[in-house]
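Worksheet: the structure to be examined is printed underneath.
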Amino acid sequence: MSTNDELVTLLDAVRDIVPTLRKNGLEAEKRRRIPEENIELLEKAGVFRMAVPRRLGGLDLGVAEQSKVISEIARGWPSTGWLTMVWVTSARAAGLYSDRAREEAFGSWKSSIMAA
């Protein structure tokens, strides 16, 4: 699958969950954290893989492509979009580490939710 195809697939998956992100938005604000359901939906959609290097199981999307995905998430609820940006940016930064550090960060994880 090409990067463009992967981006389209990811955007479609995110657009499908936007109504639920929106529905859970007030709960996120009240609790001052993203509802677990939102995180699970983002994970299932593949959002947390978008900045992970391809050789470590990620999509390795560029910053412009990631911005498109994050913008769609923010349509559902802005704070969920913001925190997704933090998590994804941290994963991208970790992708610049040494081979050993990258393996530690991504190697055994099924997901790469992290914040620097």
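The opening residue of the sequence shown carries number 9 in our numbering; numbering runs sequentially from there.
In this text, a Cβ means the ideal position worked out from N, Cα and C, and glycines have one as well.
Being a predicted model, the structure only gives us computed values, none of them experimental.
query	result
Looking at residue 103: is its Cβ nearer than 9 Å to the Cβ of residue 43?	no
Assess contact between the segment 30-37 and the segment 58-77, defined as three or more Cβ pairs (one per stretch) separated by less than 8 Å. Is contact present?	no
Quick check on the DSSP output: what are the complete beta strand (DSSP E) runs of length 3 or more inside the segment 50-82, in order along the chain?	none
Taking residue 31 as the reference, give the member of 82, 17, 14 with the closest Cα.	82
My understanding is that residue 71 touches residue 22, with C-beta atoms under 8 Å, so please give their C-beta distance in whole angstroms.	That pair is no contact at about 17 Å.
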